[in-house]
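> Residue numbers (our numbering): 26 to 360.
#1: For residue 225, does the three-state DSSP call read helix, strand or coil?
#2: Which partner residues does residue 321 have in the DSSP bridge list?
#3: Starting from residue 165, follow the beta strand (DSSP E) in both directions and report where the run begins and ends.
#4: Tell me where the alpha helix (DSSP H) around residue 297 begins and ends.
#5: Check the DSSP bridge columns for residue 75 and list the partner residues they point to.
#6: From residue 71 to residue 152, what does the alpha carbon distance come to, in whole angstroms?
#7: Using CA coordinates, which residue listed in 133, 339, 148, 149 is at the minimum distance from residue 142?
#8: Between which residues of its own chain and residue 235 is the CB-CB distance below 7 Å, once the five residues before and five after are set aside?
#9: Assign residue 61 to one of three DSSP states: helix, strand, or coil.
#10: May I ask which residues mark the beginning and end of the alpha helix (DSSP H) holding residue 214?
#11: With DSSP run on the structure shown, which of helix, strand or coil describes residue 53?
#12: Are the stretch 243-255 and the stretch 159-175 touching, with three or more C-beta to C-beta distances below 8 Å?
#13: Would you check if there are 3 or more beta carbon pairs closer than 8 Å linking the stretch 252-271 to the stretch 190-207?
#14: Roughly how many angstroms lie between the CA atoms of residue 135 and residue 52, to the nearest whole one?
#15: Using CA coordinates, which residue listed in 245, 224, 208, 265 is at the minimum distance from residue 350?
#16: Do the CB positions of residue 140 and residue 95 come within less than 7 Å of each other?
#17: Alpha carbon to alpha carbon, what distance is there between residue 129 and residue 86?
#18: Return yes when the Cβ of residue 228 is within less than 7 Å of the Cβ of residue 306, no when it is not.
#19: Across which residues does DSSP place residue 150 in a beta bridge pair?
#20: If you check the beta carbons only, do residue 273 and residue 191 fall under 7 Å apart?
#21: Please work out which residues of its chain come closer than 8 Å, Cβ to Cβ, to residue 259, disregarding the five sequence neighbours upstream and downstream, and give them in chain order.
#22: Can you find a heavy atom of the ligand HEM that lies under 6 Å from the Cβ of residue 222?
#23: Name the DSSP beta bridge partners of residue 81, please?
#24: On the three-state DSSP scale, how would you describe residue 88?
#25: Note down, in chain order, each residue of its chain lying with its Cβ closer than 7 Å to the Cβ of residue 298, except the 5 sequence neighbours on either side.
#26: Cα separation between residue 331 and residue 161?
#27: Can you tell me which of 284, 188, 175 puts its alpha carbon nearest to the alpha carbon of residue 110?
#28: In whole angstroms, give me the CA-to-CA distance for residue 213 and residue 61.
#29: Please classify residue 254: does DSSP put it in a helix, a strand, or coil?
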């Protein structure tokens, strides 16, 4: 059995769907909180019900509940996608990140440690690169300068995971996701907000006056990458040296990978693709850079390709079109 936390979330839903489609037994966990519209989470869950899928509504920050879950079900592998997401939300709700991303992650690690889990794969983020400017971002780069609390908690997750790999020989892999988008996406993400705003004739917020570049990565590529990594448990690197420590690897069964499209796109180009698919011109409100944001991201995914033979492939043109079509269908839009 595979435990997927955050199974009602955007990435969690797609990863769970991929696992079920290939015949895996999946236990999904989610607290269905109201960070965004819970009805969207419930709609995702409704599409997962059936043979091979069980669901428990549970907050990963519930220490006793998570202990019972692991002891009862004893999953062989774990994909931890439950987290408090969002850079901007962390500016006003810091304690939500402490509960979900720190306490919750300790509960995951303890459950894996005490119940013989073969491999833990957990979500990290491209935000972890923080103030770094050398691109493409590489897992071998130092990431000690986060610029948001969200990123800092994800950096902490990587450090915590390494500790458990060292102390308990728990195989762990962290995945740094780069700006994930696609059908069933989160309403707080740019593509969702832009599409809704354009359709409703409202000005859409464009930060840094549009001078933003993102390595937009389509959800199907993300799900494929997660599953391939899950099937390839981390092992120690015998060539790792404490004299010249590589942040991406370890003597312990620990590693991190970027998952990004490696084809960064200007934000204004991204908006133009939405306009083209909708056939509606956007009204844009040009705004300054938000605290905690970075102007540009781009992933080096050569390590992922080397390890599991995969790199993201869906173009942003195809991905945006798929999302817009899904949005119109899901919300019954005739435009």
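All C-beta atoms, glycine included, are put in the ideal place defined by N, C-alpha and C.
In this text the structure is predicted, and so the values were computed from the model without any measurement.
Well, looking at it:
#1: helix
#2: Bridge partners of residue 321: 238.
#3: First-last for residue 165: undefined, no H or E at that position.
#4: 292-303
#5: Partner(s): none; residue 75 has no beta bridge.
#6: 31 Å
#7: 133
#8: Cβ-Cβ distances below 7 Å link residue 235 to 292, 293, 311 in the same chain, with the five nearest sequence neighbours on each side left out; the list follows chain order.
#9: coil
#10: Premise fails: residue 214 is in no alpha helix (DSSP H) and is neither H nor E.
#11: strand
#12: Result no; under three Cβ-Cβ pairs closer than 8 Å.
#13: Flag = yes, the stretch 252-271 and the stretch 190-207 touch.
#14: 18 Å
#15: Restricting attention to 245, 224, 208, 265, the CA atom closest to the CA of residue 350 is found in 208.
#16: yes
#17: 4 Å
#18: no
#19: 202
#20: no
#21: 144, 190, 196, 197, 198, 278, 279, 280
#22: The ligand HEM is not part of the structure shown, which contains no ligands of any sort.
#23: 54
#24: Note: residue 88 maps to helix in three-state DSSP.
#25: 341, 342, 345
#26: 17 Å
#27: 175
#28: 7 Å
#29: helix
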